[in-house]
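Participant: Dumping the structure here so I can ask a few things about it.
2 protein chains.
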Amino acid sequence: MMWTHQPSGSRQQTLTGKNRKQECIMDTVKSLSPFFEPNGIAIVGARSTPGFGFGLPKNLRDHGWADKTYLVNPNGGTIHGYPVFKTLKEIPAPVDLAVVLVPAPAVPKVLGEIGEHGIKNTIIMSAGFAEAGEEGKTRQARARKIALSYDMQVIGPNCVGVVNTANAFCTTEVMPEAYTPGKLAVIAQSGVFGQNILERVNEYGIYVSKAVTLGNRLVTNEIHILDYLHKDPDTDTIAMYLEGSADGEQLRHTIVKVTPDKPVIVLKSGRTSEGRAATESHTGSLSGEDNLYDGMFAQTGAIRAETLDDFTTYCRAFATQPLPKGNRLGIITGSGSMGALATDCAIKNGLTVPPLSKRLMAVMKEGAPDWMNTKNPLDVGPSGLFPRAFNAMMEDPDFDMILAVIAVPYSAVRFRLTEFTIEDFFFGGTLPLKERKWEKPFMIAVVCHEDLVSNFRERAEPGTPVFNTPEQPVRALAALWRYQNWKNNHK
Amino acid sequence: MMWTHQPSGSRQQTLTGKNRKQECIMDTVKSLSPFFEPNGIAIVGARSTPGFGFGLPKNLRDHGWADKTYLVNPNGGTIHGYPVFKTLKEIPAPVDLAVVLVPAPAVPKVLGEIGEHGIKNTIIMSAGFAEAGEEGKTRQARARKIALSYDMQVIGPNCVGVVNTANAFCTTEVMPEAYTPGKLAVIAQSGVFGQNILERVNEYGIYVSKAVTLGNRLVTNEIHILDYLHKDPDTDTIAMYLEGSADGEQLRHTIVKVTPDKPVIVLKSGRTSEGRAATESHTGSLSGEDNLYDGMFAQTGAIRAETLDDFTTYCRAFATQPLPKGNRLGIITGSGSMGALATDCAIKNGLTVPPLSKRLMAVMKEGAPDWMNTKNPLDVGPSGLFPRAFNAMMEDPDFDMILAVIAVPYSAVRFRLTEFTIEDFFFGGTLPLKERKWEKPFMIAVVCHEDLVSNFRERAEPGTPVFNTPEQPVRALAALWRYQNWKNNHK
């Protein structure tokens, strides 16, 4: 199936003919680095009353950017001890990034001044453009024309800009832990979504390299950012939330360049025409568009997440686990019911749950009680053989990935949790779970009271993701395999 | 499509011809009430060393059952201050329920003694029967023959028996909060599963009326229990975990009797042949069996859960929400992205997301900022209009159910949470959220840091379920509608 360009409404910039070609060339020659490593930042619309224009300068100062930050407001004065320049021209140093916080109606004029000053990179945070009715659309078209005339890269409008953990450059307020450097990059069309994903993965001990919120994509879009992150040495995995692509054909070309090197996880809304209507003022979408996206993602090796929960789950999996060599899942459990649910989910998601080898069966039968069936899923029940079974499965070359399902009544174990660690009881080994390295993907499902889930999470994460259902880790393992399988077929 | 009887392996008792007829008659004439309200309980296999035989007598005493509990062990003596009788015959009072905890090989003999003593209801907790190889299967067949010869109802073997919160009669150790009476009944084939579901729903403030773990279904099966719970005045909703049915045809007949009065939520594993193999020693299943179950559940108005997460979610929904009059979902959100994800999920699950009426648009446009699109999903952004929008939607007759998606960066709100309550900020009204009653189903998705999710849960649950993704509450609302729609079509 060919992926064809599907313009889909007012938030998309449809690039055709000369414009598109021109921009594609720009992609490759222009560097987006001032967005992430600026040498001088002008905050246009800084102000002394609460809001972004007040918070951002303080935020930048708190993270070591005071020397490179210059505030601009026609009223002058000082804010947070910074001098405020009345115009860009007054700034006594070179500036390579402008952050625009003025109200929407003032943006086009400001953009012209930025262009005149020779600044080639601009983040427009202000809302009130194509997302907000006819007047906003006209305004956005005007702003775009100005930006293009100055050959300017623009992130936004209607966004919260960027996060770069490597140098603590961040144009929006995030939780303190979000400054921790990690290897996952996040691209989100929506500012709220981007911030939410940061908070969400951080809860699991996963941290980002860079995050970009695209907003209305006046100039710079997900394709430019993908291209940039492809080459970013701090980024191993890219997670992207899209409502529609700026250019489907170009997106396909770019993803297919990235995926041999780095996994690209995609959550795309607008799967239904009603969902698309929810993201756009004019739908104008061809029916069947979602199937085209589905096909495109599958062809290019992108990993599509079905839900927000999947998206977070896949981020946790790719950020922490090695890729599997094959699709053979070994399941060890203390409850047959949970083993069955995990198996159903595995098969439906393209994994196999093969029988134990004769060798492994012999290992497990030794000292096992009569009632224990030595099969896969391996239900050890209350035999106390969990650590032996786990280690034998983990070392067995016949399994490419392992899932441990801890299903115990909390009423039965809660008073015993001080007697032993979960390593003693379930996994053996001399090292704490957190410090153990696995050669194949491994995840844990703790289907028990949330107190035991927390206990496991504290001891195992981020190295080993802990979930509270049998299905979610299986979906994550299957996503790892889908990606590896694509790579195998596209060498 | 006809639902045909699909025997599926060793855990199922295939009842055919005379046997089946005989048991069906027994269903209707026999009362299972001694399982839940015994007048005298014999614990056969009580012991003075750790294990069920030691814990259960203590447990019963702690919950007021000392006067009706009689311990049996050939060694005699005392346990927890109870006298221990060497045989059933020595018990100086009538007994209508026996709980068997002796090792599997001793069970058939004990069952004969129970029969001789005239006890018609027995729970066998011991494992080591059909789930544990050929010897176990032979043992189970022998035990079954004995039980049937005495016209005995037997729950188990390989189970943890029952919970009845109304009188605190419970044959297994559960968390203290599990004794709180509620209106949800739980049927689980697996003991671990049953206990887990109790713990899981309790975390959301949902409590059960009765719980039954079926184990290997020597005599009593899910059909008998469904029939009993149908008539149980303490039960409003029935949630059931099945690996396979004891009798598909009879299950269909029974569900279709129950669903006009009470919703039946079903999680069935063994959806794939590998999943069935995981629950059975011999698969012997016809391919396509799962489609038959799917069809049967749909025809009979049972609500099938796809995953463990869905199962818990549906329990929360049916235990707390009124049924919707139609399938028109109103979504109010602070982020367009989350509104789009919720909309996609709604459409895929049979709901509609209709536009706002002109009247409601007029209400919302009053005082709304320019950028606010008055549509459904209604993205109020940071306008402060959430309470007005919420209350207008809740009262609007054009919406049958409401979802509020709270998507805010926690970094932006965390210091302000002491300034106002979530009622002030999002829902208005003079009553705390917990005390407000809704006339249509209402759920909240808090797509934010887990601290804010907890904050909402503390203030809203159990009356209003709080989720942390936009999709899960939509699935729950759709399940409520599926059930109501079935009822509308089967009056």
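These protein sequence lines map, in sequence, to chains H and S.
Residue 5 is where the first sequence starts when you use our numbering, and the numbers rise one by one after that.
Residue 5 is where the second sequence starts when you use our numbering, and the numbers rise one by one after that.
Quick reminder that beta carbons are idealized off the backbone N, C-alpha and C, glycines included.
Could you pull the start and end residues of the beta strand (DSSP E) that Y74/S belongs to?
Facilitator: Here residue 74/S is taken as the residue at index 70 of the second sequence, counted from 1. 73-76 is the extent of the beta strand (DSSP E) around Y74/S.
Participant: For L105/H, which residues from the same chain have a beta carbon less than 6 Å from its beta carbon, with the 5 sequence-adjacent residues on both sides left out?
Facilitator: Within the first sequence, the letter at position 101 stands for residue 105/H. G49, F56, G57, M129.
Participant: Would you mind telling me which residues of chain S sit closer than 8 Å to F197/H, beta carbon to beta carbon, in chain order?
Facilitator: Sequence index remark: in the first sequence, residue 197/H carries index 193 (1-based). Those are S339, S341, M342, A411, listed as they occur along chain S.
Participant: So P264/H and T241/H are in contact, right, with Cβ under 8 Å, and what is the actual spacing, rounded?
Facilitator: Against the first sequence, residue 264/H aligns to sequence position 260. Against the first sequence, residue 241/H aligns to sequence position 237. P264/H to T241/H, Cβ: 14 Å. No contact.
Participant: Reducing DSSP to helix, strand and coil, say where T283/H ends up.
Facilitator: Taking the first residue of the first sequence as position 1, residue 283/H is located at position 279. Helix, per DSSP.
Participant: Straight-line CA distance for K272/S to T425/H?
Facilitator: Mapped onto the second sequence, residue 272/S falls at position 268. Mapped onto the first sequence, residue 425/H falls at position 421. Approximately 33 Å between the Cα atoms of the pair.
Participant: What does H453/S reach in chain H if we use C-beta pairs closer than 9 Å?
Facilitator: Here the question's residue 453/S lines up with position 449 in the second sequence. Simply M179, N200, E203, R204, N206, E207.
Participant: Do P185/H and Y211/H have their C-beta atoms closer together than 8 Å?
Facilitator: As a position in the first sequence, residue 185/H is number 181, starting the count at 1. As a position in the first sequence, residue 211/H is number 207, starting the count at 1. Yes, the pair counts as a contact, with Cβ atoms nearer than the cut-off.
Participant: List, in chain order, every chain H residue whose beta-carbon is nearer than 8 Å to that of P474/S.
Facilitator: Within the second sequence, the letter at position 470 stands for residue 474/S. L312, listed in chain order.
Participant: Could you name the residues of the same chain whose beta carbon sits closer than 6 Å to that of W490/H, not counting the 5 residues immediately before and after it, in chain order?
Facilitator: Here residue 490/H refers to the residue found at position 486 when the first sequence is read from its first residue. Cβ within range, chain order: G305.
Participant: Quick one: list the residues of chain H neighbouring I351/S, beta-carbon separation under 7 Å, in chain order.
Facilitator: On the second sequence, position 347 is the one that residue 351/S refers to. What I351/S touches in chain H: T276, E278, G279.
Participant: Just the Cα atoms here: how many angstroms apart are K441/H and T239/H?
Facilitator: Numbered from 1 along the first sequence, position 437 holds the residue referred to as residue 441/H. Numbered from 1 along the first sequence, position 235 holds the residue referred to as residue 239/H. Looking at the two C-alpha atoms, the distance is approximately 21 Å.
Participant: Quick one: residues in its chain with C-beta nearer than 6 Å to the C-beta of I229/S, no 5 flanking neighbours on either side, listed in chain order?
Facilitator: The sequence position of residue 229/S within the second sequence is 225, counting from 1. I191, V216.
Participant: When Cβ atoms are compared, which residues of the region 362-374 of chain H fall closer than 7 Å to chain S?
Facilitator: So the close ones are D374.
Participant: Let's test the definition: count the other Cβ atoms within 10 Å of the Cβ of F471/H and tell me whether it reaches 16, buried, or not, exposed.
Facilitator: To locate residue 471/H, count along the first sequence from 1; it is residue 467. With 16 or more Cβ atoms within 10 Å of its Cβ, F471/H is classed as buried.
Participant: Spell out whether any CB of chain S is found under 8 Å from the CB atom of V357/H.
Facilitator: Counting from one through the first sequence, the residue named residue 357/H turns up at place 353. Closer than 8 Å: yes.
Participant: Would you kindly report the start and end of the unbroken alpha helix (DSSP H) that includes N377/H?
Facilitator: As a position in the first sequence, residue 377/H is number 373, starting the count at 1. Element bounds for N377/H: n/a, residue is neither H nor E.
Participant: Nearest chain H C-beta to S458/S closer than 8 Å, yes or no?
Facilitator: Taking the second sequence and counting its residues from 1, one reaches residue 458/S at position 454. Closer than 8 Å: no.
Participant: Taking the alpha carbon of T82/S as the point to measure from, which residue in A70/S, G59/S, S52/S has its own alpha carbon closest?
Facilitator: Here residue 82/S refers to the residue found at position 78 when the second sequence is read from its first residue. Out of A70/S, G59/S, S52/S, S52/S has the C-alpha closest to the C-alpha of T82/S.
Participant: Nearest to F460/S by alpha carbon, out of S37/S, I47/S, S361/S, V409/S?
Facilitator: For the purposes of this step, residue 460/S is identified with residue 456 of the second sequence, where counting begins at 1. Answer by Cα proximity: V409/S.
Participant: Does P381/S come within less than 8 Å of chain H when only Cβ atoms are used?
Facilitator: Reading the second sequence from its first residue, position 377 is the one you call residue 381/S. At least one chain H Cβ lies under 8 Å of P381/S.
Participant: Could you give the first and the last residue of the continuous beta strand (DSSP E) run that contains S213/S?
Facilitator: By 1-based counting over the second sequence, the position of residue 213/S is 209. 212-217 is the extent of the beta strand (DSSP E) around S213/S.
Participant: Report the partner residues of M447/H according to the DSSP bridge assignment.
Facilitator: On the first sequence, residue 447/H is found 443 positions in, with the first residue counted as 1. In DSSP, M447/H forms a bridge with L407/H.
Participant: At which residue ranges does the region 131-179 of chain S contain complete beta strand (DSSP E) runs of 3 or more residues, listed in the order of the chain?
Facilitator: Fully enclosed beta strand (DSSP E) runs of 3 or longer: 157-159, 166-168.
Participant: If distances are taken between C-alpha atoms only, which option among G68/S, D66/S, L60/S comes closest to L75/S?
Facilitator: Working through the second sequence from its first residue, we reach residue 75/S at position 71. Considering only alpha carbons, the answer is L60/S.
Participant: If the cut-off is 7 Å on Cβ atoms, which residues from the region 259-274 of chain H count as contacting chain S, listed in chain order?
Facilitator: Against chain S - using a Cβ distance shorter than 7 Å - the residues of the region 259-274 of chain H are S273, G274.
Participant: Where does V33/H sit, in a helix, a strand or coil, going by DSSP?
Facilitator: Reading the first sequence from its first residue, position 29 is the one you call residue 33/H. With a pLDDT of 41 at V33/H, under the threshold of 50, the predicted position of this residue should be treated as unreliable, and no value is reported.
Participant: For A393/S and T337/S, I'd like the C-alpha separation in whole angstroms.
Facilitator: Numbered from 1 along the second sequence, position 389 holds the residue referred to as residue 393/S. Numbered from 1 along the second sequence, position 333 holds the residue referred to as residue 337/S. Those two C-alpha atoms are separated by around 10 Å.
Participant: Mark H67/H as exposed unless 16 or more other C-beta atoms lie within 10 angstroms of its C-beta, in which case mark it buried.
Facilitator: Position 63 of the first sequence, counting from 1, holds the residue named residue 67/H. So H67/H counts as exposed.
Participant: Quick check on G343/H: does DSSP put it in helix, strand or coil?
Facilitator: Your numbering for residue 343/H matches position 339 in the first sequence. DSSP places G343/H in helix when its eight states are reduced to three.
Participant: Alpha carbon to alpha carbon, what distance is there between T473/H and P381/H?
Facilitator: Position 377 of the first sequence, counted from the first residue, corresponds to residue 381/H. Position 469 of the first sequence, counted from the first residue, corresponds to residue 473/H. Rounded to whole angstroms, P381/H to T473/H spans 16 Å at the Cα level.
Participant: Count the other CB atoms, across all protein chains shown, that sit within 10 Å of the CB of G85/S; report buried if there are 16 or more and exposed otherwise.
Facilitator: Indexing the second sequence from 1 puts residue 85/S at position 81. Classification of G85/S: exposed, given that the 10 Å Cβ count is below 16.
Participant: Roughly how many angstroms lie between the CA atoms of G116/H and H453/S, to the nearest whole one?
Facilitator: As a first step, residue 116/H is located in the first sequence; it is residue number 112 there, counting from the start. As a first step, residue 453/S is located in the second sequence; it is residue number 449 there, counting from the start. Cα to Cα, G116/H sits roughly 39 Å from H453/S.
Participant: Does the beta carbon of G132/H come closer than 8 Å to any beta carbon on chain C?
Facilitator: Absent here is chain C; the protein component of the structure consists of chains H and S.
Participant: What separation, rounded to the nearest whole angstrom, lies between the Cα atoms of L218/H and N331/S?
Facilitator: Here residue 218/H refers to the residue found at position 214 when the first sequence is read from its first residue. Here residue 331/S refers to the residue found at position 327 when the second sequence is read from its first residue. C-alpha separation (whole angstroms): 34 Å.
Participant: Look up L360/H in the DSSP assignment and say whether it is helix, strand or coil.
Facilitator: Walking along the first sequence from the start, residue 360/H turns up at place 356. Coil, per DSSP.
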